[in-house]
Amino acid sequence: MGPIDGLLFGLESALTLELLLASLVGALAGTVIGVLPGLGPVAGAALVLPLTFSMSPIVGIVMIAAIYVGSMYGGSTTAVLLNMPGEAASVMTAVDGHAMAKKGRAGAALSIMAIGSFIAGAIGVLLVTFFSPLLSGVGLLFGPAEYLALVAGGLIALARVSGGSAASGFLPMIVGVLLGTIGQEAITSTFRYTMDIPEMALGVDLVPVAIGLFGIAELLMLIENPDRRAKPTKVRFRELLPTRAEWRDAWPAWGRGSAVGFAFGLLPGPSATLSSFASYRLEKSVARNRAKLGTGAVEGVAGPEAANNAAAIGGLVPLLSLGMPFSATFALVISAMVVQGIEPGPLLIEDNPEIFWSLIGAMLVANLMLLVLNLPLVGVWVRLLRVPQSLLLPAIVVIAAIGCYSVRNSLLDVYMLALMGAVGYAMRKLHFNLAPFVLGLVLGPLAEKHLREGLFLSRGDLAYFVGSPIAITLWVLVLLVVFGGGIRALITRGRSA
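In terms of our numbering, the sequence shown opens at residue 15 and continues consecutively.
Written as structure tokens, this is what we have:
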């Protein structure tokens, strides 16, 4: 069965009543789960996993996949309206999305997210269909040396382009990296900086940090200055759609974000989160309104949102072609397959082509369901801004605390939420950037892990980290990021002289 025939077969299967219902229920449940702080795609998929055992294999798998894409959108909804990312992947969406909401363009931001999620999903499905065999081994080409260069580049690039002075980006990033060293070390399992608190052995969880830095800090700023609150938007359909200029700016960002997200989906790790940061970095460099990013630019919403959705689709390539789940959510998809007697891997497309192509087709239908469901719901979500502040703020704090507690059933995470809220408030007052803090917490442990693994494999030989063409290329790009501004300034000065 060729790619086109396979995709047509998958779409035909996905449009059966059974799979349509699975896509609809999964997309709706995922959106609701994503809106609730602390409950992301992993929690949603884990809750549904036992229910899938009584379903047919493809129905259960499609429902989990639909929950994944739905929760990505849901997490970004609260990021736009309340500056409270429901998921780490929504952190960058909050930067410009909430700024748009403050300008009375919350409806347009949510519409851009919904449409961008569908476009990214459609592009991702087409790439999986035609290039899955070719791309399946990309993730296997990356070892500790390549990943260390990739992670280092991500840390430095985001800190440099996050706006403001260099210190306002690098200092929060360094603090985030240091915070990531708390807990059990990945290679030797040594406990570090736990202060004899058992819960600290698990490390600092990302959920209370992200919600505290962005959400709780925003609430404190609102209490200090109620005029900061996002403006209620007119709920007439015309006001909820992007303007012609916003459409023009969104299309290129959707394309760039989709490409970045799909590429990151091929690699192990928190691909949705990393791709959204990388997409924002790219928009800072090439977007038409790059100078306005951080103040409510459409590209700052369209790019990261397309990236995190495309990363979800890109993760299907190693999952279906190699049987390797590169994210926690896809590990649950593998579990559902194994329980149903399906062996994921290189022989899946030969032994169970109906499963392979039905899942591909269903992912496209699930993204369409997400669009059909959430465009009409934009007006409903925007009405949240009309709720009196005296009712909304306490409710947000309670929901955030419950969400953080539910992640690990630990009161320590609730205390961390409060602490990060105070830290975020202080950083906002001192004009530090919050996003590099979160990125440091995400990438710091990954950088240490790959550094330690590389030193172990090479017996301490640092030349190992520049021992492959991919690693050398990535390190050259890192150097260009670090010194590119200075080189550009020297060239400009030389021309003017």
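Built from N, CA and C at the ideal position, the CB exists for glycine as well.
On a predicted model such as this, the values are computed, not experimentally measured, just so you know.
| query | result |
| --- | --- |
| Beta-carbon proximity check, V428 vs D110, cutoff 8 Å | no |
| Secondary structure of G197, DSSP reduced to three states | strand |
| DSSP three-state assignment for F228, whether helix, strand or coil | helix |
| Status (buried if at least 16 other CB within 10 Å, exposed otherwise) for M214 | buried |
| Contact between the region 58-74 and the region 270-288 (3+ Cβ pairs under 8 Å) | no |
| Burial state of Y82, where buried means 16 or more other Cβ atoms lie within 10 Å | buried |
| Helix, strand or coil at R262 according to DSSP, with G and I counted as helix | helix |
| The region 125-137 in contact with the region 437-447 per 3-pair CB rule at 8 Å | no |
| C-beta contact flag for G74 and G58 at 8 Å | no |
| Whole runs of the alpha helix (DSSP H) within the region 294-365, excluding any shorter than 4 residues | 313-328, 330-336, 342-353, 362-365 |
| Nearest-angstrom Cα separation, counted from D210 out to N381 | 46 Å |
| R206 in three-state terms, based on DSSP | strand |
| E357, buried or exposed, once every other Cβ within 10 Å from all chains shown has been counted against 16 | exposed |
| Cβ neighbours of A166 in the same chain (closer than 7 Å, five flanking residues each side left out) | A461, V492 |
| Presumed contact (8 Å Cβ cut-off) between A301 and E313, rounded CB distance | 4 Å |
| Simplified DSSP state of L63, which is helix, strand or coil | helix |
| Rounded straight-line distance, which links the Cα of A103 to that of L288 | 7 Å |
| Beta-carbon separation (whole angstroms), G48 vs Y87, contact threshold 8 Å | 6 Å |
| The alpha helix (DSSP H) enclosing G458, as first and last residue numbers | 449-471 |
| Residue of P158, L387, V456 minimising C-alpha distance to S482 | P158 |
| Same chain, Cβ closer than 6 Å to G194, neighbours up to 5 away in sequence not counted | L455, G458, P459 |
| Own chain partners of N303 with C-beta closer than 8 Å, once the 5 adjacent residues on each side are dropped | D263, A311, V312, E313 |
| Residues near A286 in its chain [Cβ-Cβ closer than 7 Å; skip 5 each side] | M86, A103, N322, A325, A326 |
| Heavy atom of the ligand ZN within 7 Å of A321 beta-carbon | The ligand content of the structure shown is nil, which means the ligand ZN is not present either. |
| Short Cβ contact (8 Å threshold) for L373 with I137 | no |
| Residue closest to E232, alpha-carbon to alpha-carbon, out of W265, M434, L155 | M434 |
| Limits of the alpha helix (DSSP H) - the one that S104 falls within | S104 -> no alpha helix (DSSP H), and no H or E assigned at all. |
| Own chain, CB closer than 7 Å to V421, minus 5 neighbours either side, in chain order | G52, D219, V221, D427 |
| Rounded straight-line distance, which links the Cα of A267 to that of G16 | 31 Å |
| Cα-Cα separation, G308 to A113 | 7 Å |
| Whole-angstrom distance between P99 and F228, CA atom to CA atom | 7 Å |
| Neighbourhood of I201 by C-beta distance below 6 Å, restricted to the same chain and skipping five residues each side | R466 |
| Alpha-carbon to alpha-carbon, S182 and F451 | 10 Å |
| Candidates S125, W371, I196, of which the one nearest W14 by Cα | Because the chain spans 15 through 511 in this model, residue 14 falls outside it and cannot be assessed. |
| Expected contact under 8 Å - CB spacing of M377 and V139 to nearest Å | 6 Å |
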